[in-house]
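Asks: One structure is given below, represented as structure tokens, and several questions about it will come after.
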């Protein structure tokens, strides 16, 4: 009898240790994973602030860097949407199942207390039986044996039930731990896969940024600002010089000079026309026709070149526009096309 009781005590201690370990380690895992989820949510919030700052800064920059920063901000915002989904999945698929083990462990502890109570009753009945045997009265010994047998049956029934309960608990715990951490890894893989896809596109966009173009624009703006004071100084000096040249004496001299030159030119022109009237007319008409033909050809050639340049520029702009779009913008376009 003593051997049977000691073996049952060992069983109970093993079950208690199983429940105790589950309560301790699963509780710590739940606390750490909940903290991990909260830190991920805080990282999402900080990244949202970074996105807003990038948008504000991009508005102050030259076109090349402006497009690069804008695309970077849009892609970062898209990654934060994926991070939000990651946080929600961690809460529902990882933290919540571990948190549920708090109530499960409490129920198992209650069952173990009940079993311990039954075993204590059995032990007391056995002790009464031993005392009755020592005193050796027949009727009391018979009553004690009946009571001890009844207590032993109750204890055995409780142990059998608790064994089944603990085995179900252990089986469910192993399956749940496997499923919880598979969900954890799956959630992490989904997030990092999406983030890698977005960041791969983002790094290509950043590589396409040409700082030299922005530097040329900035240099031209600085030179223009520096040349403005010199232009104003030169314009003031030139106005003073023109005022000096338009004095009355200078204007009279210039007027007499212009009248003499005009009279001389008119006489020579009339002399030429009087000597060669027909030849001048024919040469002038042929030259006019030739010049007209050349001007038409030049205009047509220029129009064709302008059309080709416009077409090439449009194709280049379209290609550059589509290639410089952020991943988020391209994804939105694809979604609109699918609808």
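Numbering (the working numbering), first residue to last: -5 to 333.
Just so you know, even glycine gets a beta-carbon here, dropped at the ideal spot from N, CA and C.
Per DSSP, what kind of secondary structure is residue 71 in: helix, strand or coil?
Replies: If DSSP states are grouped into helix, strand and coil, residue 71 belongs with the helices.
Asks: Which residue wins for smallest C-alpha separation from residue 87, given the options 180, 209 and 98?
Replies: When only C-alpha atoms are compared, the closest one is 180.
Asks: Give the straight-line distance between the Cα atoms of residue 72 and residue 325, rounded to the nearest whole angstrom.
Replies: If I take the Cα positions, the gap works out to 10 Å.
Asks: If you count every other CB in all the chains shown that lies within 10 Å of the CB of residue 274, and 16 or more means buried, which is it?
Replies: Because the pLDDT at residue 274 is just 39, under 50, the model does not fix this residue reliably, and the value given afterwards should be weighed accordingly. It is exposed - the Cβ of residue 274 has fewer than 16 other Cβ atoms within 10 Å.
Asks: Could you have a look at residue 56 and say whether DSSP puts it in helix, strand or coil?
Replies: Here residue 56 sits in coil by DSSP.
Asks: If I measure Cβ to Cβ from residue 67 and keep anything under 6 Å in the same chain, skipping five residues before and after, which residues do I get?
Replies: Taken in chain order, the residues that qualify are 45, 48 and 49.
Asks: Residues in its own chain within less than 8 Å of residue 59 by CB, not counting five upstream and five downstream?
Replies: Around residue 59: 52, 203, 205 and 208.
Asks: Less than 9 Å separating the beta-carbons of residue 92 and residue 31?
Replies: Going by C-beta atoms, residue 92 is not nearer than 9 Å to residue 31.
Asks: With contact counted as at least three CB pairs below 8 Å, one residue from each stretch, are the stretch 153 to 162 and the stretch 19 to 31 in contact?
Replies: The stretch 153 to 162 is not in contact with the stretch 19 to 31.
Asks: Per DSSP, what kind of secondary structure is residue 219 in: helix, strand or coil?
Replies: DSSP places residue 219 in helix when its eight states are reduced to three.
Asks: Comparing C-alpha positions only, which one of 329, 89 and 76 sits nearest to residue 21?
Replies: When only C-alpha atoms are compared, the closest one is 89.
Asks: I need the straight-line Cα distance from residue 218 to residue 54, nearest angstrom please.
Replies: If I take the Cα positions, the gap works out to 19 Å.
Asks: Indicate whether residue 168 and residue 9 have their beta-carbon atoms separated by less than 9 Å.
Replies: For residue 168 and residue 9, no; Cβs fall outside 9 Å.
Asks: Based on Cα-Cα distance, which residue from 4, 18 and 56 lies nearest to residue 211?
Replies: Answer by Cα proximity: 56.
Asks: When you compare each of 156, 186, 187 and 320 to residue 63 by their alpha carbons, which one comes out closest?
Replies: Per the Cα distances, 320.
Asks: Less than 8 Å between the CB of residue 37 and some heavy atom of the ligand FAD, yes or no?
Replies: As presented, the structure is devoid of all ligands, the ligand FAD included, so that no description of it is given.
Asks: For the alpha helix (DSSP H) containing residue 326, name the first residue and the last one.
Replies: Its alpha helix (DSSP H) spans residues 321 to 332.
Asks: Given this structure, state the Cα-to-Cα distance separating residue 36 from residue 178, to the nearest angstrom.
Replies: Going by the C-alpha atoms only, they are around 19 Å apart.
Asks: How long is the line joining the alpha carbons of residue 323 and residue 175, rounded to whole angstroms?
Replies: Going by the C-alpha atoms only, they are around 34 Å apart.
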